[in-house]
Amino acid sequence: MATMRAARLNTTDRSFGVTDVPRPVPGRGQVLVRVRAAGVCLSDIHLIDGSLSPLHLEGDTVTLGHEVAGVVEELGPEVFDVGAGDRVALQAGEYDRRGRLLTRGVDYDGGWAEYALAAEETLVPIPDDLPFEQAAIIPDAVSTPWAAVTATGDVRPAEAVCVWGVGGLGAHAVQLLRMVGAAPIIAADPDEQARDRALDYGADVALDSTAPDFLTRVGQLTHGRGLDAAFDFAGVPVVREQAIQVLGEHGRLVLVGLTAKPLEVEDGTRFSYLRQQILGHYGSEPEHVTQLVDLVRAGRLEFSRSISGTFTLEEAPEAVEQLEKRIGSPVRLVLLP
Numbered sequence: 001m002a003t004m005r006a007a008r009l010n011t012t013d014r015s016f017g018v019t020d021v022p023r024p025v026p027g028r029g030q031v032l033v034r035v036r037a038a039g040v041c042l043s044d045i046h047l048i049d050g051s052l053s054p055l056h057l058e059g060d061t062v063t064l065g066h067e068v069a070g071v072v073e074e075l076g077p078e079v080f081d082v083g084a085g086d087r088v089a090l091q092a093g094e095y096d097r098r099g100r101l102l103t104r105g106v107d108y109d110g111g112w113a114e115y116a117l118a119a120e121e122t123l124v125p126i127p128d129d130l131p132f133e134q135a136a137i138i139p140d141a142v143s144t145p146w147a148a149v150t151a152t153g154d155v156r157p158a159e160a161v162c163v164w165g166v167g168g169l170g171a172h173a174v175q176l177l178r179m180v181g182a183a184p185i186i187a188a189d190p191d192e193q194a195r196d197r198a199l200d201y202g203a204d205v206a207l208d209s210t211a212p213d214f215l216t217r218v219g220q221l222t223h224g225r226g227l228d229a230a231f232d233f234a235g236v237p238v239v240r241e242q243a244i245q246v247l248g249e250h251g252r253l254v255l256v257g258l259t260a261k262p263l264e265v266e267d268g269t270r271f272s273y274l275r276q277q278i279l280g281h282y283g284s285e286p287e288h289v290t291q292l293v294d295l296v297r298a299g300r301l302e303f304s305r306s307i308s309g310t311f312t313l314e315e316a317p318e319a320v321e322q323l324e325k326r327i328g329s330p331v332r333l334v335l336l337p
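Numbers 1 to 337, taken from full-length UniProt numbering, label the letters of the sequence shown in order.
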């Protein structure tokens, strides 16, 4: 039996390491992809530390990695629209027969491996000149903020916005808000490196969200009207409290960062009078990944500065540690199996 190397997590005892496993064989409607790049996300860290658990995993062990790009290696039966050698990114999930949304690298084996299985409909063709490490991060690191900005947040040109948390997703949110014409774009983060990055990605102003005059500065920058849209990419209760205080009339608070903490609206009367909204957001739809690849193909977007470091598959534990400790304030670390 052919084997391959894979970075596996036991969700019962949270043991994690790179090991030999059987190389998968594509079934009906599936392809085997030779993984060329796989992103390392905070969700992977949360799986390893136990703060996030799979809902639909069969068994207790899974190959991590939901941000994946590579080359089609082998076709299963009844695969019609792709061929061996095609360059592809993989959607971060798919629906099963019962209509449940399954996440790659969470509910079934992902791309922290030499090879990954993928249903044909989850393949997204990528241009020949798009590096695999950049293609890999489009599903999730870019598509999640893209969906948050364009679908859930429905941001329009000249709307005042603020992004709290300029990490792997928030940095791309700033970049994408710039592209859709939001103004002003305010970035909020206590980390100086993150604020500098926000300016590089297109923020008009980057503020320390812990500064005593932070809320006053947001009010000044929006000429007293408040924010049209606020994006919480941090998943921290104090961020949500701040955002609600500076929302304007018809303002939307979009919750992208995940937290189990309760959410409170201190002045419910004001919230209702101004007809404000709090909107939950999770992930993206397949069309958002396709849209982003089309925008890259058209020269509107590029993500070279988003790759903060690359690691071999055997170095996956080191990549996890670097992201967990935020060494160097990375946007995205990428495994190159």
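Yeah, the Cβ is synthetic: ideal placement off N, Cα and C, and Gly gets one too.
Please read all numbers here as calculations on a predicted model, not as lab measurements.
- According to the DSSP assignment, H250 belongs to the beta strand (DSSP E) that extends over L247 to L255.
- In terms of Cβ geometry, S53 and T103 do not form a close pair [threshold 8 Å].
- If you draw a straight line from the Cα of G105 to the Cα of R225, it comes to about 43 Å.
- Note on geometry: alpha-carbon atoms of W112 and T63 lie some 6 Å from one another.
- Measuring C-alpha to C-alpha distances from A147 to each of F132, P157 and A173 identifies A173 as the nearest.
- Residue environment for S304: exposed (fewer than 16 other C-beta atoms within 10 angstroms of its C-beta).
- By the Cβ neighbour-count rule, G181 is exposed, with fewer than 16 other Cβ atoms within 10 Å of its own.
- Comparing C-alpha distances from G283 to each of V254, P330 and A84 shows the shortest one belongs to V254.
- Here C162 is bridged, per DSSP, to I186 and A230.
- E266 and L117 have their C-alpha atoms some 48 Å from each other.
- Of all C-beta pairs linking the segment 62-76 to the segment 149-163, fewer than three are shorter than 8 Å, placing the two stretches out of contact.
- Comparing C-alpha distances from V239 to each of H250, P262, E249 and I307 shows the shortest one belongs to P262.
- Counting C-beta atoms within 10 angstroms of its own C-beta, E264 has fewer than 16 neighbours from the protein chains shown and is therefore classed as exposed.
- By the beta-carbon neighbour count (other beta carbons within 10 angstroms, threshold 16), P330 is buried.
- Assignment of E318 by DSSP, reduced to helix, strand and coil, places it in the helix class.
- By the 16-neighbour rule on beta-carbons within 10 angstroms, Y115 is buried.
- Cα atoms of F214 and P286: separation of roughly 37 Å, rounded to the nearest angstrom.
- Around the beta carbon of R8, 16 or more other beta carbons lie within 10 angstroms, which makes this residue buried.
- Here DSSP, grouped into helix, strand and coil, assigns P262 to coil.
- Secondary structure note for R225: it is in no alpha helix (DSSP H), with a DSSP letter that is neither H nor E.
- For Y201, the enclosing alpha helix (DSSP H) stretches over residues E192 to Y201.
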